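One structure is given here, and the rest of the page talks about it.
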Amino acid sequence: MNFDPIFNAAQEAFLFYKNLPGKEKGAFLDTLAEILEANRAEIVPLAVKESNLPEGRINGELGRTTGQIRLFANMVKEGSWVEATIDPGDPSRSPLPKADIRRFLTPLGPVIVFGASNFPLAFSTAGGDTISALAAGCPVIYKAHPAHPETSRKVAECIHEAILKAGLPSALFTHVEGGITEGQALVKHPLAKAVAFTGSHLGGMALFDLATKREEPIPVYAEMGSVNPIFTFSKKLENELVPLAKAFIGSLTLGVGQFCTNPGLIFVPESHAKPFENAIAAELNDIASAPMLHPGIAQAYYDSIQYLQSRHELRWVKVADPKHLINGSTALAEIKASDWLADAVFQKEVFGAFAMMVVYKNEDELLEITKKLHGQLTITVWAEAEELQNQLFLINLLEERCGRLLFRGVPTGVEVGFAMQHGGPYPSTTAPNSTSVGAYAIKRFARPIAFQDMPQDLLPDALRDDNPLGIWRLVNGKYEK
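So the mapping is simple: this note's numbering equals the position in the sequence shown, first residue as 1, plus 1173.
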């Protein structure tokens, strides 16, 4: 397929849309949120049918989708996200005059967004990647995920309805279907300026390699999953053994384990391994298997489990039952820390309700584990206050291994807000300095530009002396309005 017409139209739309006032961009996004809610009765059944997810989950996901749309709408209407920075000139400075330099963030251009399989709404057609790109001022060419095509088409219709109501160019959003060939062609197109992706490590790295080998390399913001380890300590387990076991299993099995923040790894001290294992096993007895998103994901899950069952280092607390392939059956294995350290394959994510319990002997072994731990979206520490005070060096190391460090609760449940960081060091993402959830996701699709000695009447409103937008700006090193 020749994508030139799509990209040429998107580029034309970009040159118009990027200069649109933030209040108009925000109004467009607010309209989109209203249209999606008005179409709830049609969208929800489609997503339920195509994803095997329950109606309650899809209704909640639609609420999250419209919530994050309104978050970005409010951000662009307020306007300070562009980081306007002004160093006023001083022509009388000696021995040389000081130039007037003004800097802010400007949108990149047409962006490619790949939909996710596990969130047919919140990480797909009108999901966080699409909306943060549109909020930044970038047109979106959206590559639909084949797992939920009807849902994607319906949401795309809603986006185009909002574009029409706002009087914006239709090429601001383009819905593309197809397979690997089409996805590769989109990334290779010379007018594409960035790629956003949520999915497997294999898929994310394939896109990353394509984008970096282009004549003009472009950034790839790929969120590629994580095993989200939990580190547990003795006193915490002594005091809260059963509640922690319940919390762990609840998080592990939420959504049949099909969350990128699923805790697939838990480190337990040898002194408390058996009691904790027993508590976990008791909780597992109440967990029934449930349909996974689609047969392909279920097959990949059971293929991974089958391989791990061939490893002699693992002792199985619960073995998955692939009797009904679409259903995800919970699995749990135990391994000694020394064996876990010996082979990096035990750090590989298994997408589904599988976890590995790693039993460590002492703090020295725990520090060795931390040093070899791969990059993660999240790491959770379950410890009492006095235990934390004795583990400051460990915590310092853990900060280097994740994007979000938790000291209470479980990693599943990603709040959409201003402080959320949903990203982490490789291999969890290709861009650890970014987030795919929360307000800062908008920064992925903008770049800084500085204007030197530009006449006032040519400057963008965000950088003019009279500050017509009324936004926060850094002027001579001090924030002011």
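The beta carbon of each residue, even a glycine, is placed where N, CA and C say it ideally should be.
The model shown is predicted, which means the values in this text are computed figures rather than measured ones.
Distance between residue j and residue i (C-alpha atoms, nearest Å)
i: residue 1413; j: residue 1445; result: 12 Å
i: residue 1243; j: residue 1298; result: 16 Å
i: residue 1435; j: residue 1522; result: 10 Å
i: residue 1460; j: residue 1501; result: 11 Å
i: residue 1630; j: residue 1191; result: 18 Å
i: residue 1320; j: residue 1216; result: 15 Å
i: residue 1363; j: residue 1383; result: 12 Å
i: residue 1648; j: residue 1197; result: 26 Å
i: residue 1518; j: residue 1481; result: 9 Å
i: residue 1332; j: residue 1505; result: 42 Å
i: residue 1546; j: residue 1476; result: 24 Å
i: residue 1404; j: residue 1261; result: 51 Å
i: residue 1610; j: residue 1238; result: 11 Å
i: residue 1241; j: residue 1535; result: 43 Å
i: residue 1639; j: residue 1248; result: 21 Å
i: residue 1315; j: residue 1411; result: 50 Å
i: residue 1582; j: residue 1420; result: 7 Å
i: residue 1409; j: residue 1221; result: 39 Å
i: residue 1566; j: residue 1472; result: 41 Å
Residues near residue i in its chain [Cβ-Cβ closer than 7 Å; skip 5 each side]
i: residue 1597; result: 1399, 1548, 1549, 1550, 1575, 1576, 1605
i: residue 1366; result: 1281, 1282, 1283, 1284, 1391
i: residue 1458; result: none
Residue i - partner residues in DSSP beta bridges
i: residue 1513; result: In the DSSP output, where bridge partners are listed per residue, residue 1513 has none listed.
i: residue 1646; result: 1653
i: residue 1555; result: 1405
i: residue 1549; result: 1575
i: residue 1440; result: 1404, 1531
Range of the contiguous beta strand (DSSP E) that encloses residue i
i: residue 1285; result: 1284-1287
i: residue 1623; result: 1619-1625
i: residue 1245; result: Careful: residue 1245 lies outside any beta strand (DSSP E), inside the alpha helix (DSSP H) at 1228-1251.
i: residue 1529; result: 1527-1533
i: residue 1486; result: Run containing residue 1486: none; DSSP gives neither H nor E here.
i: residue 1396; result: 1393-1396
i: residue 1274; result: 1274-1280
i: residue 1600; result: Segment: none, residue 1600 is in no beta strand (DSSP E) and carries neither H nor E.
i: residue 1170; result: Not covered by the structure: residue 1170. The range shown for the chain is 1174 to 1654.
Residue range of the unbroken alpha helix (DSSP H) whose run includes residue i
i: residue 1308; result: 1301-1309
i: residue 1459; result: Run containing residue 1459: none; DSSP gives neither H nor E here.
i: residue 1203; result: 1195-1211
i: residue 1333; result: 1322-1339
i: residue 1356; result: 1353-1361
i: residue 1374; result: 1374-1385
i: residue 1631; result: Element bounds for residue 1631: n/a, residue is neither H nor E.
i: residue 1592; result: Note, residue 1592: premise wrong, no alpha helix (DSSP H); not H, not E.
i: residue 1179; result: 1177-1190
i: residue 1481; result: 1468-1482
For residue j and residue i, believed in contact at Cβ under 8 Å, the rounded distance
i: residue 1348; j: residue 1329; result: 4 Å
i: residue 1139; j: residue 1531; result: The question about residue 1139 has no answer here: the residues shown for the chain are numbered 1174 through 1654.
i: residue 1377; j: residue 1395; result: 3 Å
i: residue 1233; j: residue 1287; result: Residue 1233 to residue 1287, Cβ: 23 Å. No contact.
i: residue 1346; j: residue 1313; result: 5 Å
i: residue 1438; j: residue 1529; result: 5 Å
i: residue 1361; j: residue 1326; result: Wrong, their Cβ atoms sit about 25 Å apart, outside the cutoff.
i: residue 1306; j: residue 1186; result: With a Cβ gap of about 13 Å, residue 1306 and residue 1186 do not count as contacting.
i: residue 1510; j: residue 1538; result: 5 Å
i: residue 1571; j: residue 1543; result: 6 Å
i: residue 1204; j: residue 1339; result: 6 Å
Residues near residue i in its chain [Cβ-Cβ closer than 6 Å; skip 5 each side]
i: residue 1309; result: 1280, 1615, 1618, 1619
i: residue 1206; result: 1239, 1242, 1243
i: residue 1568; result: none
i: residue 1513; result: 1519, 1531
Same chain only: Cβ atoms within 8 Å of residue i, ignoring 5 sequence neighbours per side
i: residue 1621; result: 1256, 1276, 1277, 1278, 1279
i: residue 1635; result: 1252, 1255, 1257, 1277, 1642, 1644, 1646
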